[in-house]
Amino acid sequence: MDLIGIISQVVFFLVAALTLAAAFATVLLRNVFHAGLALVGTFFGVAAIYLMLEAEFLAIVQVLIYIGAIAVLILFAIMLTRSLMKNEDSGMNKQWAWAAIAISTLFLGMFIVILQVPWLLNTSVIGTDIVPFLGTELLTTYLLPFEIVSVLLLATLIGAFIIARE
Amino acid sequence: MDIWSFITNPFVSIYQLIRSLLTSLLGLIGLSGDVASVILFFIMGGLVITVILLVAPLLMMYMTWLERKVVARMQDRVGPNRVGAFGLLQPIADMIKFLTKEDIVPQGVDKPVHLLAPIVVVIPVILSFAVLQFGVGMGAVDLNLSLLFLLAMGSVATIAVFMAGFGSHNKFALIGGMRAAAQIISYEIPQILAVAVIVLLAGTISLNGVIEKQSGLFGLGWYILYLPVGPIAFFIFLLAATAEINRVPFDLPEAESELVAGYHTEYSGMKFGLFYLAEFLNTFIISAVAASIFFGGWQGPFVQQIPALGIAYFFGKTILLIFIQLWFRGTLPRIRVDQLMNFGWKRLVPATLALILFTATFLWAYRLFNQFLTSLGG
C-alpha cells in the first residue's frame, strides 16, 4: 500500500473511533445535555467520514441539517424542559428491555442486509459539481417522492402550529 | 519569475516561490513520488493554516480598534488614544490584559461544557476563513460548495451558544442563550434564502465562481447592480446576517441593560476574549461574504492586469460594510423580542421567498426569450 493510502487508513480509523466513542457517550452519559452534545460530536464524525468518501455535498448538508437544525432543536428542547441545576438523570427507564429487544432486532436485520447486498461500485463519473445533477434529478426523475416529502413537511408544520396554539 | 509579476501579485508569487523551492529541495535530498508529495502537502498546508491563524486574530484586534474609534466619534468622544499613535497599540494592550487575567471558573458551572464552549465558538469561525477569497487566487481552499460551507459553519455557532448558556448554570446566561438560539434559527432562513437568490443568478455555489461571474463592465458587474433583485437581496442578507451574529439592533442575547452580558456572563479572561474574537470575526466574515457575493469581492477595474489590486478591492469593500454595521451600532436602538420574531417570520421570510420566485420566473422567461431569438436567427 502506498503512503497516501496508509495515511488515509489511519485517519479513517481515528475518525471512526472518535465517532463511535461519541455515539456511546450519547447513550451512556447520565446528563441529558451532555448526551445531546455527544450526539453533535457523532454527527460531526459522520460528516468527516462523508468527507473522506469525497462526498463533500453530503458532508456539508450533514453539518447544516443535522447539527445546525436537528441537534439544535434537541438541545433547545432539553434546555426548555430540564431544570438548570439537576445534573443526573437515570440512564434507564421501565421500557429498557423492550428497547433493547427492538434495537437488537433492527441492528441484526440491518447487519444481515448489509452483508447480503453486493455493493456494486458505480464507476461512472458525475463530475465534481454535483449540485446541478442532484437538483435536476430531484425535479425530474424523483419529482413525486420530492413533492410527497414537501407535503409531509407542510402537514407537520401545520400540525405543530395547532398543537402549540392549544 | 519576472519582477513585474512579483510586484503585481506578491502573495501568490511568494507562495509559488516557496512551493517550487521546497520541491527542488526535496528532489535534492533524493525524495520523490508519494513521500515528497505528502511532505509538500503537509508543509504547504501548515503554512496556509498558520497564515490564517495569524491573520484572523490580527483582523479582530484592529476591528476592535476601529469599532471603538468609530463609535466614539459618533458619540462625540475621542476613543482610545493613549497607547501608540491614534491608540493603534491599544488592541495589543487589550490582548495582554486578556491573557494575564485570572481564569475564573465559577462554582457550580458544568465544568467540561464551560471549558469547551469558548473553543467551540471559535472553531467554525476560523474554518470559515479557509474558503474566503481575499484576492485573485488568494483563498486557502477553492471549494465547489463554499457558500453552503459558510452557511453550515454559521449554523454550528448555535451549539456553542447553547453550551455557554446552559453550562454556566446562571439565569442571565440561560436567557441569553435561549434568545441567541431562537434568533439564529429564525434569521438563518432569510439569510440562506437571500444567498439562494445570488446562487440563482450566478448558477454556482462556489464563492470564487460567484465572484468571477461579476467580471462584466470592467469588473463592476456586481450583483447589487442587478435591479431590482440585487439591492433587495443585499438588504435582506445584511439584516439577517446582523441578527444571526447578534449585533445591534439585534443584540438581545447580550443586552447589557437586562441580561448583564447574556450567554457569556460567567466568562472572564481569555475565555471571554475568545467569545469576543468569535463575534468580531463573525462580523468580518459576514461583511466579507456580502462584499463577495453582492459587490464582486476582489473584482474591480484593472484587476486582471494587476492582481494585487484585488486584495485592496476586497478589503476596501469589506471594511466599508463593517463600517455600516458599526454605524448601526452607533445609531440604532435595540428592538424587542416580539418585534424581532414578528419581523423575521412575518416580513423577512415571505419577502425573501417572493424574491426567489420573482428571480426564478425572470430567469426562466429570459431563457425562453433567448431560445426564441436563436430560433428566429436559425
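Note that the protein sequences, when read in sequence, are chains A and B.
In this text, residue positions in the first sequence follow the working numbering: the first is 40, and each later residue adds one.
In this text, residue positions in the second sequence follow the working numbering: the first is 3, and each later residue adds one.
The beta-carbon is built from N, C-alpha and C at its ideal position, and this holds for glycine as well.
Would you decide whether residue i is buried or exposed? Buried here means 16 or more other CB atoms lie within 10 Å of its CB.
| i | result |
| --- | --- |
| Gln-301/B | buried |
| Arg-181/B | buried |
| Trp-224/B | buried |
| Arg-369/B | exposed |
| Thr-175/A | exposed |
| Pro-192/B | buried |
| Asp-41/A | exposed |
| Pro-126/B | buried |
| Arg-249/B | buried |
| Thr-376/B | exposed |
| Tyr-189/B | buried |
| Ala-198/B | buried |
| Phe-146/A | exposed |
| Glu-281/B | buried |
| Leu-181/A | Rather than Leu, the amino acid found at residue 181/A in this sequence is Tyr. The residue in question, Tyr-181/A, is exposed, as its Cβ has fewer than 16 Cβ neighbours within 10 Å. |
| Ala-199/A | exposed |
| Asp-340/B | exposed |
| Trp-6/B | exposed |
| Thr-144/A | exposed |
| Glu-104/B | exposed |
| Lys-348/B | exposed |
Using the C-alpha atoms, what's the distance from residue j back to residue i?
| i | j | result |
| --- | --- | --- |
| Ala-98/A | Ala-204/B | 23 Å |
| Ala-74/A | Met-91/A | 26 Å |
| Ala-362/B | Thr-206/B | 14 Å |
| Ala-175/B | Glu-256/B | 9 Å |
| Ala-94/A | Leu-153/B | 18 Å |
| Thr-120/A | His-266/B | 22 Å |
| Val-305/B | Gly-221/B | 8 Å |
| Pro-59/B | Phe-131/B | 11 Å |
| Gln-134/A | Leu-53/A | 34 Å |
| Ile-98/B | Gln-92/B | 10 Å |
| Asp-144/B | Glu-205/A | 50 Å |
| Leu-149/B | Thr-81/A | 24 Å |
| Ala-24/A | Thr-65/A | There is no way to answer for residue 24/A, as the model of chain A reaches only from 40 to 205. |
| Glu-214/B | Phe-43/B | 27 Å |
| Phe-236/B | Gly-346/B | 16 Å |
| Lys-173/B | Phe-51/A | 42 Å |
| Pro-251/B | Thr-285/B | 14 Å |
| Pro-171/A | Ile-234/B | 26 Å |
| Leu-30/B | Ile-41/B | 14 Å |
| Trp-137/A | Ala-61/A | 24 Å |
| Gln-185/B | Leu-261/B | 16 Å |
| Gly-211/B | Trp-366/B | 21 Å |
| Leu-2/B | Ile-287/B | Lying before the first or after the last residue shown, residue 2/B is absent from chain B, which here runs from 3 to 380. |
| Gly-318/B | Ala-292/B | 12 Å |
| Met-118/A | Leu-23/B | 55 Å |
| Ala-245/B | Leu-202/B | 24 Å |
| Thr-142/A | Phe-63/A | It should be pointed out that residue 142/A corresponds to Ile in this sequence rather than to Thr. Going from the Cα of Ile-142/A to the Cα of Phe-63/A covers about 14 Å. |
| Leu-209/B | Gly-264/B | 33 Å |
| Gly-271/B | Asp-96/B | 11 Å |
* Does the pairing of the segment 94-110 of chain B with the segment 158-169 of chain B give three or more beta-carbon distances under 8 Å? -> Taking 8 Å as the limit for Cβ pairs, the verdict is that the segment 158-169 of chain B does not touch the segment 94-110 of chain B.
* Note down, in chain order, all residues in the segment 128-158 of chain B with a beta-carbon under 9 Å from any beta-carbon belonging to chain A. => Within the segment 128-158 of chain B, the residues whose Cβ lies closer than 9 Å to some Cβ of chain A are Leu-145, Asn-146, Leu-147, Leu-150, Phe-151, Leu-153, Ala-154, Met-155, Gly-156, Ser-157 and Val-158, listed in chain order.
* Asked: Counting pairs of Cβ atoms below 8 Å between the segment 317-330 of chain B and the segment 229-236 of chain B, do you hit three or more?
  -> The segment 317-330 of chain B makes no contact with the segment 229-236 of chain B; the number of CB pairs closer than 8 Å stays below 3.
* Contact set between the segment 40-53 of chain A and chain B, restricted to residues whose Cβ is under 8 Å from the partner -> Those would be Asp-41, Leu-42, Ile-43 and Ile-46, in chain order.
* Stretch-stretch touch, CB-based, cutoff 8 Å, three pairs: the segment 111-118 of chain A with the segment 183-198 of chain A -> No, the segment 111-118 of chain A is not in contact with the segment 183-198 of chain A.
* Asked: Of all the residues that make up the segment 71-86 of chain A, which are near chain B by a beta-carbon distance shorter than 8 Å?
  -> So the list reads Phe-72, His-73, Leu-76 and Val-79, given in the order they occur along the chain.
* Asked: Would you say the segment 304-321 of chain B touches the segment 129-147 of chain B, given that touching needs at least three Cβ pairs under 8 Å?
  -> Touching, per the Cβ criterion.
* Asked: Between the segment 352-360 of chain B and the segment 270-283 of chain B, do three or more beta carbon pairs fall short of 8 Å?
  -> Taking 8 Å as the limit for Cβ pairs, the verdict is that the segment 270-283 of chain B does not touch the segment 352-360 of chain B.
* **Contacting positions in the segment 22-36 of chain B - beta carbon closer than 7 Å to chain A** => Cβ contacts with chain A come from Asp-36.
* To do: Return the residues of the segment 164-175 of chain B that lie within a Cβ-Cβ distance of less than 9 Å from chain A, sorted by chain order.
  => If you check each beta-carbon in the segment 164-175 of chain B against every beta-carbon of chain A, the ones closer than 9 Å belong to Phe-164, Met-165, Gly-167, Phe-168, Gly-169, His-171, Asn-172 and Lys-173.
* Under 7 Å (Cβ pairs) to chain B, residues found in the segment 88-103 of chain A -> Taking 7 Å as the upper bound on Cβ-Cβ separation, chain B lies near residues Glu-95, Phe-96, Ile-99, Val-102 and Leu-103 of the segment 88-103 of chain A.
* Using Cβ-Cβ distances below 9 Å, what residues of the segment 105-116 of chain A are close to chain B? -> For the segment 105-116 of chain A, the residues whose beta carbon sits under 9 Å from a beta carbon of chain B are, in order, Ile-106, Gly-107, Ala-108, Ala-110, Val-111, Leu-112, Leu-114 and Phe-115.
* Which residues, in chain order, does the segment 305-318 of chain B contribute to contact with chain A at a C-beta distance below 8 Å? -> Of all residues in the segment 305-318 of chain B, none has a Cβ within less than 8 Å of some Cβ in chain A.
* To do: Compile a chain-ordered list of the residues in the segment 46-58 of chain B whose CB is closer than 8 Å to at least one CB of chain A.
  => Legend: CB atoms of the segment 46-58 of chain B lying less than 8 Å from CB atoms of chain A are not found in any residue.
* Asked: Between the segment 180-197 of chain A and chain B, which residues of the former have CB atoms less than 7 Å from a CB of the latter, in chain order?
  -> Under the 7 Å Cβ criterion, the segment 180-197 of chain A contributes no residue.
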